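Scroll down for the structure; my scribbles are underneath it.
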Amino acid sequence: MRAAGALSRAQRHAPIRTVVAGVAAILVASAALVGCSVQPEPVDPPAPTATTPPTAAPEPTQEPSEPSWERFEDPRLPHSFEIPPGWTVVDLGGDAEIRAFQFGVVNAAGEQLLTFASRVQGLGGACRDLPELSIEEADTRSVELPGYVAATDSPAPLVAPRVVYRVSEVNGGALASLSLSDDTPPEACMYYNLLHTEGGLAMFATQLQVDSFDPAASPWLFGSVEEAREYANTAEYEQLVRVLSSLSFAE
């Protein structure tokens, strides 16, 4: 006796036969389709694409360079120094016999701001009742001067050469001077801006002598001490410092 719900052997395998028959039908149909398929037309290869040659990168724009400083030289002297672009040096004369010459350093506006002199002579004078100058060293810069050799017979003690900016209060304002100096002048009615070298006295400064005789006649009279100090913060002042610092005594 077969239990209720149990499938007979034929019933269990009937679906398998159905599936097999179905698969066979699909294979036959596929074979028929393959035999009747249309061959594809040959396709032309795509035309080559035109290529654009690479564009050269633009060259970087060069910034204009600043004009360089020039070194002034004179065949009669071993000394030389630099000046800014647009500045000139004028010959102020001298004595070729003792190799004493003077040159003025003139800026682009035509103003003589510095004087260089070799073999300075003829110094001296008396103060009498002239007011004494109180000297303030408002600014100093150490320098190396090629070829400089200090004099061994200087009557006053010498110090290392330096650029020094001196300010003195006077009636009506303040007198100033900028120079190369290797001494510290005492307070008196006057002082000189000098370098004491083995080859004699040399001067490279805004002026050789500063005195209290007639301050109003000096082009380096400022309205006040503070105004004179402020000049040391200007671009022109820095240019003058560089000119002075460039002095060479070497051939």
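The C-terminal residue of the sequence shown carries number 251 in the UniProt record's numbering, and the numbering is unbroken. In this text, a Cβ means the ideal position worked out from N, Cα and C, and glycines have one as well. Being a predicted model, the structure only gives us computed values, none of them experimental.
Burial state of residue i, where buried means 16 or more other Cβ atoms lie within 10 Å
i, result
"aspartate 183", "buried"
"tyrosine 193", "For the record, residue 193 in the displayed sequence is asparagine; it is not tyrosine. Under this definition asparagine 193 is a buried residue."
"isoleucine 135", "buried"
"alanine 228", "buried"
"arginine 167", "One point to set straight first is that residue 167 is valine, not arginine, in the sequence displayed. So valine 167 counts as buried."
"leucine 244", "buried"
"serine 181", "buried"
"serine 179", "buried"
"proline 161", "buried"
"valine 163", "buried"
"glycine 35", "Confidence in glycine 35 is poor, its pLDDT being 44 and thus under 50, which makes the residue's placement unreliable; the coordinate value appears in the next sentence. Its Cβ having fewer than 16 others within 10 Å, glycine 35 is exposed."
Nearest neighbour of residue i, chosen from the options [CA to CA]
i, options, result
"leucine 175", "Leu133, Ser248, Glu82, Phe204", "Leu133"
"valine 120", "Gln102, Leu114, Arg128", "Gln102"
"leucine 113", "Phe249, Ser177, Ala250", "Ser177"
"aspartate 91", "Arg242, Pro78, Ser65, Val106", "Val106"
"arginine 242", "Ser142, Ala156, Ser218", "Ser142"
"glutamate 169", "Ala250, Glu82, Trp220", "Trp220"
Where residue i falls: helix, strand or coil (DSSP)
i, result
"alanine 108", "coil"
"glutamine 239", "helix"
"serine 245", "helix"
"glutamate 136", "strand"
"arginine 229", "helix"
"proline 75", "coil"
"proline 215", "helix"
"valine 143", "coil"
"arginine 119", "coil"
"residue 257", "The structure shown does not extend to residue 257, since the chain is modelled only from 1 through 251, so no value can be given for it."
"valine 167", "strand"
"proline 161", "strand"
"isoleucine 98", "coil"
"alanine 188", "coil"
"glutamine 209", "strand"
Inter-residue Cα distance where the pair is residue i and residue j
i, j, result
"tyrosine 237", "alanine 205", "12 Å"
"threonine 140", "glutamate 230", "15 Å"
"histidine 79", "arginine 99", "11 Å"
"proline 75", "serine 68", "22 Å"
"serine 218", "valine 210", "9 Å"
"asparagine 233", "alanine 138", "11 Å"
"residue 255", "glutamate 82", "Residue 255 lies beyond the residue range present for the chain, which begins at 1 and ends at 251; the question has no answer from this structure."
"proline 85", "aspartate 95", "29 Å"
"methionine 190", "glycine 93", "25 Å"
"glutamate 73", "proline 146", "14 Å"
"glycine 104", "proline 131", "30 Å"
With contact counted as at least three CB pairs below 8 Å, one residue from each stretch, are the region 141–155 and the region 205–219 in contact? A contact is defined here as three or more CB-CB pairs under 8 Å, and the region 141–155 fails this definition with respect to the region 205–219.
Inspect the CB distances between the region 105–120 and the region 192–209 and report whether three or more fall short of 8 Å. The answer is yes - the region 192–209 touches the region 105–120, with three or more Cβ pairs under 8 Å.
Using 8 Å as the cut-off, can you tell me whether the region 158–176 makes contact with the region 222–235, which would need three or more C-beta pairs spanning the two stretches below that distance? The region 158–176 vs the region 222–235: in contact.
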